[in-house]
């Protein structure tokens, strides 16, 4: 993989020109993307900025985010050839930081669950996960050092786990969703994929102009609460193994680690997620669903068909549960700095029939708390499995720092 | 003005066809809009639905909301001729309820403060207010029974006050902003304009599928707290007079009315509003401001120039104040059902140089609470002045019902 931190150091030292850094990505894409299929479209000639913390950094943008320089097709024929008038807010943040937008990455239709043809770079017989399929795969394949995705259920953390890359789903609205196709305004969250935790932190700090998100020179030892999310069912063997390995590594590295039971309202919130997601999707995708029914991707359409009967009362009840659960979760963080839990039930499923299961992700999206994926285990078939490090709402720096601690502990094993 | 409730009754009774109801609006627009200038563009032939609670209701849509049937130009040459691929969520809600979209109404550029050429139908020498200038004016002139606008500072309640129409800015995200041009995601709120409170309630109930928003057959007598928002400065004579008249009328009608002082954190939140609004606008309008600087409307551009130095730390601090103020405001509503306060400092300013002052609106937008404008007074020059009735977050039905009480009390004077 291409390390963003490494590129920054070499560019800062004058050992690599921003132009050469971009050229390296263009070459890697040329060599690999015919097989992997991570890009929907890409630039032939890319301008490298001469300044900014991300100059020389080639970035892939999930194709539900508006771009003036590329069509924005939402993974759906309904948007074939669509040209937005402006760039999404996060695309402008990247440009202002000096990054070069190198292309648009594949997305399931409207960031839902219908698989794209993208292959998992770790094992071509498996899905890279979704909905941010192309962004996770492009970073994992070493084509680009940074990519943007979005998560409404588990669309950032899950593909990162399946592809063996670092990723952050930041606190709700730390990154704006302006110009990003909406599925659920209460849930949709823009996230970043990169080779490692330091790379992700550098990307997020540069985009937001928040240097406090950069990792500190010395990583403090966190108090970690391990949660198994039993309300979401049991993991597969590989998922459980990843969590055991990460827990042991953190303990060995000196962290205070203990198992935590979450309050009952948290399990209710896990249930409430899908009510909120689908109720809002019926409004957010009303034009697509009602005026373009035949052209809708089949799994998404079936999901919307099934949830047509959701009432405003059910939605209001679910939003109330979510609000109470957020307060309860804030109290949990009085006892620990971060939570450590499963990123996915197991390794990437075989074939391209499914993008996998978001059941260990959706609660945290609804809670709006920052989640960082750290690769923890390699299962059969060379397939990576990650764990996620989760901090309280707004404590993105704490999530990144603790994730770096876990990443370092796993490397020293 | 055209009463939505009256149209509904006549259509239900078979005394008026939906087609004839729409034709009435087309004719009124043809007769008046050359003078008033409320519409950016409008349909030549309008289809009337045969069913749905809003069948036969012609609706004007503020031109920052995406429509497939009309260009969406945001009040700015930067979006000249722009055709979105789909309809905004609120436009689809109207269509699903049977309404007919009759045209797009004028908006200040990106719903900010640069005036449109629209005249105030009550006195052509005055502004109709903004940013939802055309929506307020089109309803006030009797061209259409219902129009959509948005409020980030005071862009629904203020023009409603200046034009003498009813309007609601509902609770934050009761109506989705998907497909509505963003200025500030924490503040932007879609609202409705109609002739009276009952008309507004019917529109909102039909759009949301929430019959509980319809007025009850018998209007209960509310406990009212009168607030003068001293932190926002003193009103003009006409503004103060409107509040006095409404207060007296409510008292005479039997309401429990008392003056309320708001907690100190509320005044801080009033200050915090502009920090949040402009910090987010720099992200939401980054493409427009940075890539189209010369084409930006001058007052908006100057506002963005001035606020360039806003830091993430200042924004985080302002968001923290807003959160504490929302909790404090919720406590205020333990003592009263609704608040009654100024909708604007006074009557509509003369000329078209300014859309007026949002200083009595912005706090409530930031609090996310439902606000209903009720016309209360006619000042010199035949210019209306309104008051706003405000309920706790989520209590839109209570806000509408109490506003209807105040409206009825004012009519009986």
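Protein chains in written order, with the numbering used here: chain A, 1 to 413; chain B, 1001 to 1413.
Cβ coordinates follow ideal geometry from the N, Cα and C atoms, glycine included.
Predicted model, so just to flag it, every value in this text is computed and none were measured.
Asked                                                                                                                               : Found
Below-8 Å beta-carbon distance, residue 1209(B) vs any chain A residue                                                              : yes
Residue span of the beta strand (DSSP E) that contains residue 258(A), given as start and end                                       : 256 to 259
Sequence-distant residues of the same chain with beta carbon closer than 6 Å to residue 268(A), five excluded per side              : 321
Interface residues of chain A facing residue 1089(B) [CB-CB closer than 7 Å]                                                        : 283, 284, 286
CB contact check: residue 1371(B) to chain A, cutoff 8 Å                                                                            : no
DSSP state of residue 1008(B) mapped onto helix, strand, coil                                                                       : helix
Neighbour-count burial assignment, residue 273(A), 16 or more Cβ in a 10 Å radius                                                   : buried
Own chain residues within Cβ distance below 8 Å of residue 1081(B), not counting five before or after                               : 1071, 1073
Integer Cβ distance of residue 259(A) from residue 144(A), believed to fall under 8 Å                                               : Going by Cβ atoms, the distance from residue 259(A) to residue 144(A) rounds to 38 Å, so no, they are not a contact pair.
Meets three-Cβ-pair contact criterion under 8 Å: the stretch 1157 to 1164 of chain B and the stretch 1373 to 1386 of chain B        : yes
Neighbouring residues, chain A, relative to residue 1082(B) (Cβ below 8 Å)                                                          : 85
Nearest candidate by alpha-carbon position, reference residue 1349(B), set 1342(B), 1381(B), 1264(B)                                : 1381(B)
Residue 120(A) versus 137(A), 112(A), 252(A), residue with shortest Cα-Cα distance                                                  : 137(A)
Residues from the stretch 1312 to 1335 of chain B in contact with chain E, defined by Cβ distance under 7 Å                         : No chain E is part of this structure, whose protein chains are labelled A and B.
Buried versus exposed, by CB contacts within 10 Å (16 or more), residue 124(A)                                                      : exposed
For residue 1384(B), the first and last residue of its enclosing alpha helix (DSSP H)                                               : That residue, residue 1384(B), is in no alpha helix (DSSP H); its beta strand (DSSP E) goes 1383 to 1390.
Beta-bridge partners of residue 170(A), as assigned by DSSP                                                                         : None, per the DSSP bridge assignment.
Sufficient close CB pairs (3 or more, under 8 Å) joining the stretch 246 to 258 of chain A to the stretch 211 to 219 of chain A     : no
Secondary structure of residue 1404(B), DSSP reduced to three states                                                                : helix
Those runs of the beta strand (DSSP E) which lie wholly inside the stretch 108 to 169 of chain A and span at least 3 residues       : 146 to 151, 166 to 169
Listed by chain order, chain A residues near residue 1244(B) by CB distance under 9 Å                                               : Residues of chain A passing the Cβ test: none, with the nearest at roughly 37 Å.
Buried versus exposed call for residue 235(A) [16 or more other C-beta atoms within 10 Å across all chains shown]                   : buried
Residue 1276(B) beta carbon less than 8 Å from that of residue 1319(B)                                                              : yes
Cut-off 7 Å between Cβ atoms - residues of its own chain near residue 1315(B), not counting five sequence neighbours on either side : 1275, 1276, 1279
Within the stretch 1223 to 1303 of chain B, ranges of the beta strand (DSSP E) (whole runs, at least 3 residues)                    : 1223 to 1226, 1256 to 1259
Minimum Cβ-Cβ distance from residue 1182(B) to chain A less than 8 Å                                                                : yes
CB contact check: residue 46(A) to chain B, cutoff 8 Å                                                                              : no
Bridge partners - residue 996(B), DSSP secondary structure assignment                                                               : Outside the displayed span of chain B (1001 to 1413) sits residue 996(B), for which this structure offers no information.
8 Å Cβ cutoff, residue 1(A) in contact with chain B                                                                                 : no
Rounded separation between residue 365(A) and residue 1052(B) - CA only                                                             : 36 Å
Simplified DSSP assignment, three categories, for residue 30(A)                                                                     : helix
CB contact flag (residue 1113(B), residue 1130(B), <8 Å)                                                                            : yes
Close-in-space but distant-in-sequence residues of the same chain around residue 97(A) (CB under 7 Å, 5 per side omitted)           : 52, 53, 54, 206, 207
Beta-carbon neighbours of residue 79(A), restricted to chain B and to distances below 9 Å                                           : 1085, 1086
Proximity below 8 Å, CB of residue 101(A) to CB of residue 67(A)                                                                    : yes
Buried/exposed call for residue 1407(B), threshold 16 Cβ in 10 Å                                                                    : buried
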